[in-house]
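Taken in order, these protein sequences are the chains called A and B. Position 88, counted from 1, in the first sequence is what the numbering used here calls 88; the numbers after and before it change by one each time, with no gaps. Position 50, counted from 1, in the second sequence is what the numbering used here calls 1050; the numbers after and before it change by one each time, with no gaps. First up is the structure itself, then whatever we jot down about it.
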Amino acid sequence: MPRSITLILLTALLAFGAVDCFAQSTTGTVSMSATVSKFVEINSGGSVTLTGNSGGGVTTDGVTNSPLAVSINLGELGPSNTNSFVSASVPLKLRSNAAYVLSMTATVTSSGTTASKIGAADVGFGLGTASRTGLGVNAGADTNATSGDPTLPANGSVNGTTGRYEFTAVRSNLSAFSSATTALSGPIIMNAVPRSNANGLTVPAMFAVKPQFFENGTTTISVTFTVTAP
Amino acid sequence: MRLRELPFALLSALIFLAFAQTISAQALDISSGGQPTITGAIGGSVTGSADVRNDLVVTINFGEVSPLNTNSIVKVVVPVALRSNQPYQVAVSMSGLNNANAQAVQASDVGFGLQNIRVLGGAGKICTQSAHTIRSPFDNDPSLSATVGASGRVSYTSSLGSLSGSTVILSGPQLSKNNSAIRQQSDGYVFDAIFTLTPQFFAAGVSSATLIFTISAGPNVPC
């Protein structure tokens, strides 16, 4: 090939190469992605209701939509309290963008030394009716693994042999929750609404003790609720 | 190279440069308009070139948009540069974001608006007889127009749900004074494309979408 032709071709190549720098385009691309992780939360659903107590009271009350940290003094649980039950109802509020499981763990510690001291089986427990109401709350059927209000006649009775009052229904006392045990479960709670939407699923956690001739002393009951999205 | 061949080579180079300019010159151009930014994100990011001479290739990761992100909104601003020697229009088309679950992130959950169209340097053409017009309903900052709708879900004056096929979002008169086939740093206009996503109780999952911005000859308006 003549040298002049070669020169022309090389020049053309360089020229085209130069033009390609910052060449124009009539299209541009914006790609986007977002992640939605499973989210669950439990908060207080409102004030605690304490009934049948003799002495005692709500030491730290629940505040709607605030972290659940309630403290209750059930007062006198011996025979001097002539009410049939000392009951506490603690409203819970749950929210999730996925199916949820509410589990509970409870410990009961008494200062007594005999079988007549207050034990976990003497503390009745149950969840009331779960309510899904308000804007942005998804309709759905929840499964209550407890037997509901522990003071219901169907959930307990006096033991014919020992004479001690017992909460006999399924998961109707705290002995059923010595380790994390499901109390409530259900489908997604919230529709696509912002967190500032204060609605959610509310359910009362009900505790009850039948005043009896318990061994005298003091008792501490500690309950931890945990909500997960399996 | 012999000395007598030098003028011939230079002439050849000039001819080819001129030829190359002619065959590759484009009257319409879209490119990066500067560094994109993101605010309010948890685990999110945005990547793109800060150099207005580079192609518009932006990747947005809004990050976590469940209630785990307690910020009120995730906002991304993408500057887009335009150049033309004639009236133009910019259209956007979208693919993706077709979640079957109505509670998952939908196109209408991503706010999309245009703001702040401005001259890119001294070679941007300033026309007095026609304006650069952001088409309805996109003339807004979706971070400011976000409202809670009747269902409790956040809605915007305009969103990616406002796009239908290839949707014209902007048009106007000539953008550039010169007619260079090579991008300059100061020869057109820039606008901000603003994208927002409000963290909500969306159904869990990962969502993605791709937008194609296209500039083409627009309505024949005077400069």
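In this text, a Cβ means the ideal position worked out from N, Cα and C, and glycines have one as well.
Test item: CB-CB of residue i and residue j under 7 Å
i	j	result
B:Q1185	B:V1080	no
B:V1046	B:F1213	no
B:S1095	B:T1210	yes
A:N144	A:L184	yes
B:S1031	B:L1056	yes
A:P150	A:F177	no
B:I1169	B:R1135	yes
A:V123	A:T182	no
B:G1048	B:V1058	yes
A:S175	A:A120	yes
B:C1127	B:P1087	no
B:G1152	A:N197	yes
A:G186	A:R95	no
A:L92	A:A205	yes
A:N73	A:G57	yes
B:P1137	B:T1196	no
A:M32	B:I1060	yes
A:S71	A:E215	no
B:P1222	B:S1130	yes
A:V30	A:V90	no
B:Y1156	B:G1205	no
A:S103	A:A180	yes
B:G1040	B:A1050	no
B:N1179	B:D1187	no
9 Å Cβ cut-off: residues of chain A touching residue i
i	result
B:R1118	Per Cβ cutoff of 9 Å: no residues; B:R1118 is ~18 Å from chain A at best.
B:V1105	A34, V36, A192
B:T1058	Reading off the sequence, residue 1058 of chain B comes out as Val, not Thr. The answer, in chain order, is G28, T29, V30, S31, M32.
B:F1227	Because chain B is modelled from 1001 through 1223, residue 1227 of chain B falls outside the range shown and cannot be assessed.
B:T1214	T26, T27, G28
B:S1031	F22, Q24, S25, G28
CA nearest to the CA of residue i, picked from the options
i	options	result
B:A1104	A:A205, A:I188, A:A208, A:I221	A:I188
A:T64	A:I72, A:N43, A:G55	A:N43
A:L135	B:C1127, B:V1154, B:G1122	B:V1154
B:L1144	B:S1072, B:V1090, B:A1131, B:D1029	B:S1072
B:N1098	B:Q1200, B:P1219, B:C1223, B:S1207	B:S1207
A:K38	B:Q1035, B:L1028, B:E1064, B:I1042	B:E1064
B:A1150	A:P91, A:V158, A:V137, A:S66	A:V137
B:G1113	B:T1198, B:P1067, B:G1152, B:F1191	B:F1191
A:T226	A:T105, A:G217, A:A169, A:F207	A:T105
B:N1069	A:A34, A:A69, A:G46	A:A34
A:S147	A:G140, A:G128, A:A141, A:S157	A:G128
A:A251	B:L1197, B:Q1129, B:T1133, B:N1054	The requested residue 251 of chain A does not occur in the structure, where chain A is confined to residues 1 to 230.
B:L1082	A:R164, A:G28, A:V48	A:G28
A:N97	A:A139, A:G163, A:M190, A:S172	A:M190
A:T133	A:V203, A:T59, A:A169, A:Y165	A:V203
A:R164	A:Q212, A:V170, A:A139	A:Q212
A:T218	A:T113, A:N173, A:R171	A:T113
A:G46	A:T161, A:N53, A:P67	A:P67
Contacts of residue i in chain B (Cβ-Cβ under 8 Å)
i	result
A:R132	Correct list: empty, because the minimum Cβ distance to chain B is about 13 Å.
A:L135	S1151, G1152
Neighbour list for residue i in chain A, Cβ cutoff strictly below 7 Å
i	result
B:V1206	S33, T35
B:N1061	S33
B:V1168	Correct list: empty, because the minimum Cβ distance to chain A is about 14 Å.
B:A1123	Going along chain A, no residue has its Cβ under 7 Å from B:A1123, so there is no contact; the nearest lies around 14 Å.
B:D1055	S25, G28
B:V1078	V30
Chain-ordered neighbours of residue i on chain C, where CB pairs are closer than 9 Å
i	result
A:N97	The structure shown contains no chain C; its protein chains are A and B.
Amino acids of chain A, ordered along the chain, whose beta-carbon sits closer than 8 Å to that of residue i
i	result
B:T1070	R195
B:D1192	Those do not exist, as B:D1192 stays about 12 Å from chain A at its closest Cβ, beyond 8 Å.
B:L1211	T29, V30, S31, M32
B:V1221	Correct list: empty, because the minimum Cβ distance to chain A is about 19 Å.
B:L1028	Q24, T26
8 Å contact criterion, which residue i and residue j should meet: CB distance rounded
i	j	result
A:V223	A:V86	Not a contact, Cβ separation roughly 15 Å.
B:I1215	B:L1028	5 Å
B:L1175	B:G1121	Going by Cβ atoms, the distance from B:L1175 to B:G1121 rounds to 11 Å, so no, they are not a contact pair.
B:F1062	B:V1074	5 Å
B:Q1200	A:P153	Incorrect: roughly 45 Å between the Cβ atoms, too far for contact.
B:Q1089	B:I1194	Contact doesn't hold; Cβ gap of about 19 Å is too wide.
A:G75	A:G55	4 Å
B:T1133	B:S1171	6 Å
B:Q1203	A:V36	A small correction: the amino acid at residue 1203 of chain B is Ala; Gln does not occupy that position in the sequence shown. The Cβ separation is near 7 Å, so the contact holds.
A:A69	A:T59	That pair is no contact at about 11 Å.
Residue i: contacting residues in chain B (beta-carbon distance under 7 Å)
i	result
A:F177	Within 7 Å Cβ-Cβ: nothing; A:F177 doesn't reach chain B, min ~28 Å.
For the 8 Å Cβ check, are there 3 or more pairs between the segment 1161-1170 of chain B and the segment 1107-1115 of chain B? Yes, they touch.
Determine, using beta-carbon pairs with one atom in the segment 100-113 of chain A and one in the segment 78-89 of chain A, whether at least three such pairs fall under 8 Å. No, the segment 100-113 of chain A is not in contact with the segment 78-89 of chain A.
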